[in-house]
Structures are given as C-alpha cells and as structure tokens.
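Heads up: the sequence shown begins at 23 in the numbering used here, then just goes up one per residue. Don't be surprised by glycine CBs; every beta carbon is placed ideally from N, CA and C. Structure first, commentary second.
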Amino acid sequence: TPPTPKSRFRVLRFLWRLTWLSSLGGAAYLAYHIYDSKHPPEQLPLDPAKKTLVVLGSGWGSISLLKKLDTEDYNVVVISPRNFFLFTPLLPSCTTGTIEHRSIMEPLRHIIRHKKRAVKYYEAEATKIDVDRRVVKINDFSDIKGNVSETEVPFDYLVVGVGAENATFGIPGVRENACFLKEIGDAQQIRKRVMDCIETATFKDQTEEEKDRLLHMVVVGGGPTGIEFAAELQDFFEEDLRKWVPDIADRFKVTLVEALPNVLPMFSKALIEYTEKTFKDENISVRTKTMVKKVTDKNIEVEATQADGSKVKENINYGLLVWATGNAVRGVVRDLMGQLPAQKNSRRGLAVNDYLVVDGTDGIWALGDCSATKYAPTAQVASQQGNFLARLFNSMAKTQAVEEELRRLDQQLQASTDEAEKAQLTAEINAKGRSLSKVKQLSPFEYSHQGSLAYIGADRAVADLNWFGGAISSATGGELTYLFWRSAYVSMVFSLRNRILVLTDWLKTKAFGRDVSRE
Ligand code: FAD
Ligand code: NAI
Numbered sequence: 023t024p025p026t027p028k029s030r031f032r033v034l035r036f037l038w039r040l041t042w043l044s045s046l047g048g049a050a051y052l053a054y055h056i057y058d059s060k061h062p063p064e065q066l067p068l069d070p071a072k073k074t075l076v077v078l079g080s081g082w083g084s085i086s087l088l089k090k091l092d093t094e095d096y097n098v099v100v101i102s103p104r105n106f107f108l109f110t111p112l113l114p115s116c117t118t119g120t121i122e123h124r125s126i127m128e129p130l131r132h133i134i135r136h137k138k139r140a141v142k143y144y145e146a147e148a149t150k151i152d153v154d155r156r157v158v159k160i161n162d163f164s165d166i167k168g169n170v171s172e173t174e175v176p177f178d179y180l181v182v183g184v185g186a187e188n189a190t191f192g193i194p195g196v197r198e199n200a201c202f203l204k205e206i207g208d209a210q211q212i213r214k215r216v217m218d219c220i221e222t223a224t225f226k227d228q229t230e231e232e233k234d235r236l237l238h239m240v241v242v243g244g245g246p247t248g249i250e251f252a253a254e255l256q257d258f259f260e261e262d263l264r265k266w267v268p269d270i271a272d273r274f275k276v277t278l279v280e281a282l283p284n285v286l287p288m289f290s291k292a293l294i295e296y297t298e299k300t301f302k303d304e305n306i307s308v309r310t311k312t313m314v315k316k317v318t319d320k321n322i323e324v325e326a327t328q329a330d331g332s333k334v335k336e337n338i339n340y341g342l343l344v345w346a347t348g349n350a351v352r353g354v355v356r357d358l359m360g361q362l363p364a365q366k367n368s369r370r371g372l373a374v375n376d377y378l379v380v381d382g383t384d385g386i387w388a389l390g391d392c393s394a395t396k397y398a399p400t401a402q403v404a405s406q407q408g409n410f411l412a413r414l415f416n417s418m419a420k421t422q423a424v425e426e427e428l429r430r431l432d433q434q435l436q437a438s439t440d441e442a443e444k445a446q447l448t449a450e451i452n453a454k455g456r457s458l459s460k461v462k463q464l465s466p467f468e469y470s471h472q473g474s475l476a477y478i479g480a481d482r483a484v485a486d487l488n489w490f491g492g493a494i495s496s497a498t499g500g501e502l503t504y505l506f507w508r509s510a511y512v513s514m515v516f517s518l519r520n521r522i523l524v525l526t527d528w529l530k531t532k533a534f535g536r537d538v539s540r541e
C-alpha cells in the first residue's frame, strides 16, 4: 500500500528526532572529551615496590605503548628529546602551511598526565644503554641546561623506541646543504627556505640564470616522503604562489630524483603508473634511474642510466634541496648492537624475537623504526607493536600478581590443619592456576597490514588497501581516494584537540589559501 500522509509524517518525525538525538549525543561526547582533556584526574604516586619500566622515545611506537599501558602496575619513565608526539603522516603538509605545525603535535605532558599512576618524563637523549649495569645514560642537549645535564637512569625493563635517523649513504655534501623531512623543525626550515628562494629570485637585477636556479626545487628520493612533499609543494605553487608572486609563474619548477626505475616501490604497478602520470600532468618532473652522487651548495651531481644501460653524469642546479632517501640506524642503537654478539648480523636495526625482545638481552624490547623486522619501517607497524607491548606488559603484571597470590595461598595451605579450610584453599589455588594459564597465553606479535596511502597532489591520493584482514584488497587512485586519505588521517590523529586543529587548518587553507610570509 502507498504511504499515507500520516505515515509519511511519522517517518519525518522519527528522522527529525533521530537527528536531534544524534546531535545531542555528539555534543555530549565532545563536551565530555573537552572536559576530560582539561581536567586530568588525581594520579597515584610512584611506588618503590613496583618494577621500573623505562621507555625511550615519544614517537609512534612508544606513545602507542604508553597510551594502552596500565601504568598502575609499573613505575614508568619516558626519555625523549622531543616532549611531544608528532603525527608524521601530515608532516609534508606543514612544509607549505596547508597544516600548521602545532596541529600535528600532541604534548607528551597531556598524555602522561592522564595515566593512572604518575609517569616521569626526562627531556633528554639516551646516549648509551649499558646492558650489564642495566642503566641508560642520558644527556640534556636542549639550549637551556641546569647544573646537571648528564646522568643515568636504572631500569628493570627497557623499551627502545628511538626511531631512525636520515640516511645519506655517506654522499658528500648532503648533511651540509640539504633539508630533511623528519621533524617539525625540518618542515619549518623548508617552509622558510621556499619563500626565501622566491623572494631572492625576485631581488632587483637578479640574473636570469640565477632566477632559474633559485626557483628549482629538487627532491631526492621517490619513496612516499619525497612524493608527498613534491605534491604539496606543487599544490602550493599552483594554488597560491602563482597568484601572489606572478613574476615566478613561468620559472618555478619541482623535480623529483629517484635512483630506481620507478617511484613508490611499495605500491602496485597500476598506482605507480597513475602517480607518475599525475605528476606529469601537474608539471612535476620525475627523473628515475638517476642516482645522486655528490651535493654542493648550489647543485647536485647525478649519474643517470640511459635506455641502453650507459651511464651519464650531469649537474643539476637547485635553490632548495630536500633529501628523503629513507632511514639509517641511530648512534645509541648502533652502540647497543655493538655490545651484543647476537646482533652481529643485523644491519637495519635491533634484531628482535617474536615478542619484540632484543636478541641477546633479557628485559629489553625494541619497536618501530629502530628494530629490524620483516616489516617496512612505518607508523602502522610501530603503533601495532606499541599496542602489542602494552598488552604484553599488562599481562606480565597480571601474571606476577596471580603468581604472588598463588605463593601466599600455598603457604597458607601448608600451614593449615583444618580439613575444610584446606579444601577451600585447594579450590582457590586451582581457580587461580586456571586464570594464570589464561593471562600467560599471549601469542607472538603479528602485524596486520591495513594498506598504504599517499597524497600525490592536485586533490588526488593513491591507496593500496586490505580489507577484512587481507581477504580483499583494492588499489585506487584519484579524488575520492583523496577524501578517503583525509578522513583516514583525521580519524587516526591521536587526540580530539589535534583532530579539530587539523580540520580547522584544512578549512582555513580552502577559504583563505596558504600564508606566503617568510617567518
Ligand atoms: P619515531 O616516530 O621517529 O619516534 C622516535 C622517537 O625517539 C622520537 O620521539 C625521537 O625524538 C626519540 N628519540 C630519538 N633519539 C633518541 C634518543 N637517543 N633517546 C631517546 N629518544 C630518542 N608511516 C606510515 O605508516 N604512514 C604514513 O603516512 C607515514 N608518513 C610519514 C611521513 C613522513 C614525512 C615521515 C618522515 C615518515 C612517515 N611515516 C609514515 C613513517 C613513520 O613516521 C615512522 O615509521 C614512525 O614514526 C616510526 O615510529 P617510531 O616510534 O619507531 O619512531
Ligand atoms: P624510502 O626508503 O621509502 O624511499 C627512499 C627512496 O630514495 C628509495 O626509493 C631509494 O631508491 C631512493 N634513493 C636512495 N638513495 C638515492 C640517491 N642517492 N639518489 C636518488 N635516489 C635515492 O624512504 P621514505 O620515503 O623516507 O620513507 C621511509 C619509510 O616511511 C618507508 O617505510 C615508508 O613506507 C614510510 N612512509 C610512509 C608514508 C605513507 O605511507 N604515506 C609516507 C612517508 C613515509
């Protein structure tokens, strides 16, 4: 039967109420989270009877661990030179001001102040992990130092999550002349240098040749960091710079240099081709099979492999050089590896077992980019490892508590002469024994790959995704994928505060464009 006006009215009334209810629910959720973030509860003090768990680093691995860890069970000490968590997937957007840098920084103090038991934080670098003495040597390398800027922190358990540093492969001139893209400071430096190159290129009487050099932005490395940065930079030029500095419109050029035959090797062939075509349409020049051999303050020396296999040397002038050729092992990790014979064959970082215990140690774990596993060094892997270690430590604490309780009951049983009490204690011991075997059962770490996403410019992204635990996979690229990219990242940003800041920045950029002032 066709719907009557009355039933139509009922449906509309139901939808109206549903809208109201969900808006109310949303507002209550927001209000609760805002209140909660501003009013941390009282915390338990450190407890000398608990074991000391020292966590090195405040990146993807360590913060994922910290967020899920039940700090009631341990005295936790975090050591990192960075007193904030950095949401690296949106770092390329900070280089052009699409997103402001503070929007992707989450203060560590906010995170630790919300834990049940107080967590100690020292802003310092771990300079040495002494395996035999079970201490970490730490140094405060920040600008302001007190009387003490170097000391030792003892540990019962240690988690190493110090990430990796930028690889340069010993190529001369890279460290002195190139910008990297790993930290907030790098993004700020790039933003400043782009504008400096532009203002210098428009300086009175600048020669034509020098203008071309200054406006040539070269990116080395066709992995996702290099691709996303090149894409953001070209967007900046097309959407803002071209309009505000029309003199440079015909000269500004972005070139991406990659040693391998193609960019984004971790993506499927179709998406690699789609990315290369999109870059061509966007006027980003891609130089594959071109290896950088030397860097000076104004040019790079490259060796390009021709179609017939012959190699040709060439000099490419640049105004800005961004170096994004992947990861290298940090000094403190190299030193630790040197102390452990079990690590002698490991090259990419700390070799770990299935439970992320550093090979050759007892009570030392490693996660993220500083560990060498069969997985790629990504935030996805590091955060899953952090979650795994939190489960492991929570379960270890429960196991210890049950074991202590079992010992106490056993002593009571030995001392008891009353048959009824003995029977009751035996039943209790059996029940505790069963729960002990349950908490002890933690399967080894297993990574679940959700897929890879990258922004490629002009409101397009590429995505190789796995659904339902890898049962279905899809490879997509384009504007819809870009919307997916945005919603995926905004949902992954750790806190509500940062989520709101990122959304506001995107809106601000859409409405007013990016800021072209040089700070
Ligand atoms: P990090 O997150 O690098 O954290 C290391 C921490 O250790 C930092 O807090 C650092 O200050 C601290 N530290 C350094 N030295 C010491 C020391 N000596 N003592 C104590 N602490 C120390 N991955 C993805 O999966 N998806 C993406 O979209 C993505 N985008 C990226 C974009 C960019 C620009 C970059 C650079 C990386 C991106 N990645 C992405 C990779 C991802 O960021 C890393 O794999 C991830 O950060 C690794 O986490 P981690 O905890 O091992 O190290
Ligand atoms: P990468 O290791 O993925 O890529 C570096 C590229 O530089 C390689 O393709 C390499 O061939 C090239 N290269 C090395 N030396 C060179 C030379 N001398 N001349 C020219 N090219 C040279 O590094 P990247 O992009 O920094 O990524 C690091 C890690 O972070 C990866 O695991 C990556 O998956 C992850 N990441 C993921 C992102 C995403 O999922 N969207 C974004 C950024 C990083």
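Local conformation of residue i per DSSP, three classes
i	result
Arg-540	coil
Leu-130	helix
Val-355	helix
Arg-280	A small fix is needed here, since residue 280 is Glu in this sequence, not Arg. Coil, per DSSP.
Gly-500	strand
His-61	coil
Lys-530	helix
Ala-186	coil
Asn-520	helix
Val-98	strand
Ala-373	strand
Arg-139	strand
Thr-117	coil
Phe-259	helix
Leu-458	helix
Val-33	helix
Thr-439	coil
Ser-307	strand
Residue(s) in a DSSP beta bridge with residue i
i	result
Cys-201	Val-344
Lys-159	Lys-150 and Glu-174
Ser-495	Asn-488
Thr-312	Ala-326
Arg-482	Gly-479
Gly-473	Leu-487
Met-239	Val-276 and Leu-342
Ala-394	Ala-373
Val-334	Ala-326
Asn-321	Asn-339
6 angstroms CB neighbourhood of residue i in its chain, flanking five on each side removed
i	result
Gly-499	Leu-293, Tyr-296 and Val-484
Val-351	Gly-371
Ser-80	Ser-102, Arg-104, Phe-107 and Leu-130
Integer-rounded CB distance, given that residue j should sit under 8 angstroms from residue i
i	j	result
Pro-283	Lys-311	6 angstroms
Leu-389	Val-380	With a Cβ gap of about 10 angstroms, Leu-389 and Val-380 do not count as contacting.
Glu-254	Thr-118	5 angstroms
Val-424	Ser-457	6 angstroms
Val-240	Ile-338	6 angstroms
Leu-88	Val-77	7 angstroms
His-123	Ile-249	21 angstroms between Cβ atoms; not a contact.
Met-313	Glu-325	5 angstroms
Any non-hydrogen atom of the ligand FAD closer than 6 angstroms to residue i Cβ
i	result
Gly-382	no
Lys-159	no
Leu-78	yes
Val-402	Going by the sequence as given, residue 402 is Gln instead of Val. Result yes, Cβ under 6 angstroms from the ligand FAD.
Asp-69	no
Pro-176	no
Same chain, Cβ closer than 8 angstroms to residue i, five either side skipped, listed in chain order
i	result
Asp-376	Pro-466 and Phe-467
Pro-246	Leu-286, Met-288, Ser-474 and Ala-476
Lys-316	Ile-193, Pro-194, Gly-195, Ile-322 and Glu-323
Cys-201	Asp-208, Gln-211, Ile-212, Arg-215, Leu-342, Leu-343, Val-344 and Trp-345
Proximal residues to residue i (C-beta, below 7 angstroms), its chain only, five neighbours per side dropped
i	result
Gly-385	Asp-178, Tyr-179 and Leu-180
Ala-271	Arg-264
His-136	Pro-62
Asp-269	Thr-224
Gln-365	Met-359, Leu-372, Ala-373, Asp-381 and Gly-382
Gln-328	Val-334
Cβ-heavy atom distance, residue i to the ligand NAI, below 6 angstroms
i	result
Pro-194	no
Val-314	yes
Pro-283	no
Glu-280	yes
Thr-498	no
Gly-7	Summary: the structure shown does not reach residue 7, with the chain confined to residues 23 through 541, and so no result is reported for it.
Ala-146	no
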